[in-house]
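Q:
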Amino acid sequence: MASEIGVCILIMPVFQPNDPPPAGYMQWHEWARVQIAAGLRQLYCVKCGVWKFPKEREDCVRLGHDLVLLRTSEGRRRSRRGRDAE
Ligand SMILES: [Zn+2]
0 MASEIGVCIL
10 IMPVFQPNDP
20 PPAGYMQWHE
30 WARVQIAAGL
40 RQLYCVKCGV
50 WKFPKEREDC
60 VRLGHDLVLL
70 RTSEGRRRSR
80 RGRDAE
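For the sequence shown, position 45 matches number 44 in numbering that gives the first Met the number 0, and the numbering has no gaps at all.
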């Protein structure tokens with residue numbers, strides 16, 4: 000009687016600070032760990048409603064979105080107010 004064992008191997012790239020963010024979930028978290036280790040921090044984009052590292056917010060910067068350093072709860076409040084004003 001044969002038994003089967005499933006093995007899943009995730010090959011993780013070696014990321015550098017300011018590499019573009021990867022698509023995979025696990026890869027993104029490893030990439031984020033490298034960004035934080037390099038001293039890079041996320042800012043909250045009021046327009047997108049998402050926290051972003053420098054490499055992730057290049058589009059926001061180009062489009063003129065407001066990027067702020069706030070606690071999540073404050074960011075949500077600020078974001079809601081921003082939408083009401085539109
Ligand atoms: Zn944005």
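All residues carry an ideal CB built from backbone N, CA and C; glycine is no exception.
Among residues of its own chain, excluding the 5 on either side of Pro16, which ones have a beta-carbon nearer than 7 Å to its beta-carbon?
A: On the sequence shown, residue 16 is found 17 positions in, with the first residue counted as 1. Cβ within range, chain order: Val33, Gln34, Ala37, Leu39.
Q: Near Lys46, what residues of its chain come up, given a Cβ to Cβ distance below 6 Å and the 5 sequence neighbours on each side ignored?
A: Here residue 46 is taken as the residue at index 47 of the sequence shown, counted from 1. Answer for Lys46: His64, listed in chain order.
Q: Please confirm if Pro53 has its CB atom under 7 Å from at least one CB of chain B.
A: Considering every chain present, this structure includes no chain B. It has just one protein chain.
Q: If you scan the region 3-53 from start to end, which runs of the alpha helix (DSSP H) of 4 or more residues do you find wholly inside it?
A: The region 3-53 is shown to contain whole alpha helix (DSSP H) runs of 4 or more residues at 24-36, in chain order.
Q: Within its chain, find whatever has a CB closer than 7 Å to the CB of Trp30; leave out the 5 residues flanking it on each side and keep chain order.
A: Indexing the sequence shown from 1 puts residue 30 at position 31. Around Trp30: Phe14, Asp18, Pro20, Pro21.
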